[in-house]
Every structure is written in structure tokens, then in C-alpha cells.
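**Student:** Here this note's numbering is used: the first residue of the sequence shown is 1200, the next is one more, and so on.
This is the structure, below, for whatever I ask next.
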Amino acid sequence: MAAVFEKVVVVPTRPYGSVRLQLPVNVFVDYSLANRLTSFGPWKWPAPRKMVVAFRSLIPKRCGLGASRIKNWRDWLNVSWQRASLIGRSDFLSVSSWAKKRKRPDVVYTFWLTSSSAALKAAWPEVPIVSRVHGGDLYSEVHGWQSIPFQATSVQALSLLASVSDHGRIYLNRKFPASTKKIVTRRLGIPDLGIPVRSNRKADQVAILSASSIIPVKRVDLILQVMQTLVSSGLNVNWTHLGDGPGRTALERALSVDTSNSLRVELRGHVPLHEVRQELVSGRYDLFINLSLSEGAPVSLMEAQCVGIPVVATDVGGTSEVISEAFNELVSSSASLIEISAAVRRGINRDSKESTWRRQHWSANYYAAANYTSWATEIREIARLSRVRD
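Structure representation (C-alpha cells):
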């Protein structure tokens, strides 16, 4: 963005920590919206503040709850949907109020499809709004809902909506047929991590890597069960998992009762991105595994393909686009332990020459330098055409 725009203002909504990058001279970070969203009086408690704002706004009907009362009546009975709807309502009001007090930009780009997109359009009706959409902000079924609060309103507000996968684009086209002309696929990307250095792995051991938060949708506990199944069939397995989350305690408890000497597990917890990538290029791993129930376009799998590691993954969302089944293993999200274990065995025995093909697939589809340059240029052109019309 900095390369094609004179000025870029980054407005985080829920920042964690300080900026760790050296920003270009024409890029600025504005925390004023974040402060508005995460403070209530003397407190820095985002959830209570959001609820107060949301309930207060129910009196004057300044915005809807983001769904049809008749069509989605089951959602209205769902507590998690009600909470998400109220938080979305709060964000809509706070963001639109914040934006109205600021000079309008030439174009707005939101990385997630939330009520903020609709709020910015309400505040700046003449400004083109462009958004990405990934997984949790795309598929209502992931949450057990029929709809995502404010999704329809936000889609309508946008000038362009970029799904990170063809799967997501097709899903949205079916859901919002009137908006198909502005729903496109624009892929994510990563830099070239390089080719792994050969390591002296033990011939009688299999090294497997996974990386994700330890939350229910990622099913890291199922990965453990697969590792145990592989060991019971005679393999010696070294499994390393990068990532943390609320499910880690249960995972450690399950490991504490596993007395097998053939299974070695490293739960590294949260590690910085550069360390994740160091592991991938280390040459220590025979396979990468991801058994998530839902994905947009998983970056971890892009990284695995970039370095040529074979992958076993569930065929959900855009996963089959990130990894080609021609030289990886895709399994159903309902696959059994035996079926997944068999896929792992096939994966670790794939021809070593396929590593080059995996890198070629990544380079052709998920190379950041190519994807992001064209994407930034496209957004600049949207801004230019808007100024011409004005």
C-alpha cells in the first residue's frame, strides 16, 4: 500500500502491544478508534463497554441487528449469536461516530468483513469501501448460526469484496446473488521462505509439525489421537506443535497418561512468526498436518508448500486451493482415525521430487510480492475512479 499511495493511515480496532515493524515514512498508525472501542469511562474493558453502548442504542433505532427477524429466528434464540449481534451493533455505532468526525479518505480497506465496513459507509457514503473476507467472518455455519450479524449490510455497503479463496467467493455468490459482480477472489500470500536445509533425520523416526491455536475448531486433540494411532501401528513419531490456547491443559493431561516411548511430543506454545518459519525451513520435518473443521485460506499451509513439505489436511474452505491434492493428502472433516493415519503414511512416503512441485504451486498462487502489488494497485485504481466521478 505504501508503494502506491501517498499516505496510508492504519487504524487498528483491538491492538495488542506496540508496532514491531519499521514503518515506511508515509504510513501512520491512528489509535483513536481503538481507544474509543476498548475503554468505558475509567475502565479498559472492551466487552462491558460494548454491551452498554449496544443496549443504550436499542432505544433510538439507529441501526438494525444485522439480520432478518423472520428468516433467522433460530439465530435470535442463540446466545452466542445475540452476543455477536450486540457487539456488532456497538462497533457500528462507535465506528460511524468516530469516522464522521474525521476527514474522509480517498478509499477505505478493511481486512475483515465486520459491521465496521457498513459503519464506515454510513459515515462516508461517497467513499469506496473495499474489504477482504476470510473464514470466521465468512462462514456462518462455523459458529452454528444461519447468518452472521451485519454481514448482509456490510456486503451491500462495499464497492469490492475480496474472498481469499474461490470456495469463499462461490459461497458468497450463492448467499448474496445480487452482489456477485463485486465479489472476487484475491489470494493472500507469503514471502519466499527458501528451500529447507537437509538434516540428518533418523531413518526409523517420523517428524511431524503442526501450527495453530489450540481451540476446538482446530482439533489439535485429534492430531494427538492420530499420532497415538500411528505409534500403535509401529511407527516412532516425533510431533511438534506450535501454538497455544485454552485446550492446551487438556492436551497436556492426555499426554501425561500416555506411557509410550515411541511418541515424543513438544508443545511449544505461542512462538513468534519468525520462529515458526525457522522450523519450516529447518529440514527436520517429514510432514505438516492440519485437521481444522473450518478454514479460509490457511497461511500455515502456504508456508508448508513454499518449503516443499507434504501436507495432510482436512478438505474445508480454501484448503484444497492452497495445497494441491496431486502432491498432498486431503481428508474429509469427518474422516476416521484410521483414514487420517493412512493419509499420514501416504504423505510421508510421497516422492521427494514433489517438493519442487509444491513450491511451484505456491509461487504461482500465493507469492506475496506478486499478489499484494497487484492488489494494492487495484485498490488505488478504485480510489482514482471515485475521485474522477466526484
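Quick reminder that beta carbons are idealized off the backbone N, C-alpha and C, glycines included.
Just so it is clear, the structure is predicted and the values come from calculations on it, not from any experiment.
What distance in whole Å lies between the Cβ atoms of residue 1536 and residue 1425, which are believed to be in contact at a cut-off of 8 Å?
**Tutor:** Right, their Cβ atoms sit about 6 Å apart.
**Student:** Would you list the one or two residues that DSSP bridges to residue 1488?
**Tutor:** According to DSSP, residue 1488 bridges with 1511.
**Student:** For residue 1507, collect the residues of the same chain with a Cβ closer than 6 Å to its Cβ; drop the 5 residues on either side in sequence, then sort them by chain order.
**Tutor:** Closer than 6 Å at Cβ, skipping near neighbours: 1554, 1557 and 1558.
**Student:** Under the DSSP definition of a beta bridge, which residues are partnered with residue 1342?
**Tutor:** Answer is none; residue 1342 lacks a bridge partner.
**Student:** If you scan the stretch 1356-1415 from start to end, which runs of the beta strand (DSSP E) of 3 or more residues do you find wholly inside it?
**Tutor:** Runs of the beta strand (DSSP E) inside the stretch 1356-1415: 1359-1362, 1382-1384 and 1404-1410.
**Student:** Quick check on the DSSP output: the beta strand (DSSP E) that includes residue 1207 runs from which residue to which?
**Tutor:** First-last of the beta strand (DSSP E) with residue 1207: 1207-1209.
**Student:** Evaluate the contact criterion for the stretch 1532-1548 versus the stretch 1426-1434: three or more CB pairs, one atom per stretch, below 8 Å.
**Tutor:** Yes, since at least three Cβ pairs between the stretch 1532-1548 and the stretch 1426-1434 fall closer than 8 Å, the two stretches touch.
**Student:** For the stretch 1341-1355 against the stretch 1302-1315, are there 3 or more C-beta pairs whose distance is under 8 Å?
**Tutor:** Touching, per the Cβ criterion.
**Student:** For residue 1571 versus residue 1501, is the C-beta spacing smaller than 8 Å?
**Tutor:** No, these two residues do not count as a Cβ contact at 8 Å.
**Student:** Could you tell me how far apart the beta carbons of residue 1292 and residue 1328 are, in whole angstroms, since I believe they sit closer than 8 Å?
**Tutor:** Not a contact, Cβ separation roughly 17 Å.
**Student:** DSSP puts residue 1464 in a beta bridge; with which residues?
**Tutor:** According to DSSP, residue 1464 bridges with 1438.
**Student:** Please classify residue 1456: does DSSP put it in a helix, a strand, or coil?
**Tutor:** If DSSP states are grouped into helix, strand and coil, residue 1456 belongs with coil.
**Student:** Look at the Cβ atom of residue 1491, then the Cβ atom of residue 1411, and state whether they are nearer than 8 Å.
**Tutor:** In contact: residue 1491 and residue 1411 (Cβ atoms closer than 8 Å).
**Student:** Check whether the stretch 1459-1470 and the stretch 1434-1451 touch, using three or more Cβ-Cβ pairs below 8 Å as the test.
**Tutor:** Short answer: they touch.
**Student:** With a CB to CB cut of under 6 Å and the five nearest residues on each side skipped, what residues in its chain are close to residue 1150?
**Tutor:** The displayed coordinates of the chain run from 1200 to 1589. Any statement about residue 1150 would go beyond what the structure contains.
**Student:** Tell me the DSSP secondary structure of residue 1331 in three-state form.
**Tutor:** Three-state DSSP puts residue 1331 in a strand.
**Student:** Is residue 1242 helix, strand or coil when you go by DSSP?
**Tutor:** Caution applies to residue 1242, whose pLDDT of 43 falls short of 50 and renders its modelled position unreliable; the value that the coordinates give is listed next. It is a strand residue.
**Student:** Helix or strand or just coil, what does DSSP make of residue 1349?
**Tutor:** Three-state DSSP puts residue 1349 in coil, outside helix and strand.
**Student:** Which residues share a DSSP beta bridge with residue 1565?
**Tutor:** Answer is none; residue 1565 lacks a bridge partner.
**Student:** Going by the C-beta, is residue 1343 closer than 7 Å to any heavy atom of the ligand PLP?
**Tutor:** Annotation note on the ligand PLP: not contained in the displayed structure, which lists no ligands.
**Student:** State yes or no: is the C-beta of residue 1392 within less than 8 Å of the C-beta of residue 1479?
**Tutor:** For residue 1392 and residue 1479, yes; Cβs fall inside 8 Å.
**Student:** Quick check: the Cα distance between residue 1346 and residue 1550, rounded to an integer number of angstroms?
**Tutor:** So the alpha carbons of these two residues sit roughly 44 Å apart.
**Student:** Less than 8 Å between the CB atoms is what I'm expecting for residue 1389 and residue 1201, so what's the real figure, rounded?
**Tutor:** Not a contact, Cβ separation roughly 18 Å.
**Student:** If we ignore side chains and look at the alpha-carbon of each, how far apart do residue 1590 and residue 1224 end up?
**Tutor:** Outside the displayed span of the chain (1200 to 1589) sits residue 1590, for which this structure offers no information.
**Student:** Is it buried or exposed, residue 1574, if we count other Cβ atoms within 10 angstroms and call 16 or more buried?
**Tutor:** Residue 1574 comes out buried.
**Student:** Do residue 1396 and residue 1441 have their CB atoms nearer than 8 Å?
**Tutor:** Not a contact, by the Cβ cut-off of 8 Å.
**Student:** Note down the Cα distance separating residue 1377 from residue 1359, rounded to an integer number of angstroms.
**Tutor:** Residue 1377 and residue 1359: Cα-Cα distance of roughly 13 Å.
**Student:** Alpha carbon to alpha carbon, how far is residue 1382 from residue 1333?
**Tutor:** Spanning the two alpha carbons is a distance of roughly 13 Å.
**Student:** Comparing C-alpha positions only, which one of 1414, 1361 and 1481 sits nearest to residue 1496?
**Tutor:** Answer by Cα proximity: 1361.
**Student:** With a cut-off of 8 Å, do at least 3 Cβ pairs link the stretch 1445-1457 to the stretch 1516-1535?
**Tutor:** At 8 Å Cβ cutoff, the stretches do not touch.
**Student:** So, helix, strand or coil for residue 1294, using DSSP?
**Tutor:** Of the three classes helix, strand and coil, the one that applies to residue 1294 here is helix, per DSSP.
**Student:** Could you give the distance in angstroms between the alpha-carbon of residue 1236 and the alpha-carbon of residue 1214?
**Tutor:** Looking at the two C-alpha atoms, the distance is approximately 11 Å.
**Student:** Compute the beta-carbon to beta-carbon distance between residue 1297 and residue 1387, rounded to the nearest angstrom, for a pair I have assumed lies under 8 Å.
**Tutor:** The Cβ separation is near 28 Å, so there is no contact.
**Student:** What would DSSP say about residue 1309, mapped onto helix, strand or coil?
**Tutor:** Strand.
**Student:** Just checking: is the beta-carbon of residue 1288 within a distance shorter than 8 Å of some beta-carbon in chain D?
**Tutor:** Absent here is chain D; the protein component of the structure consists of one chain.
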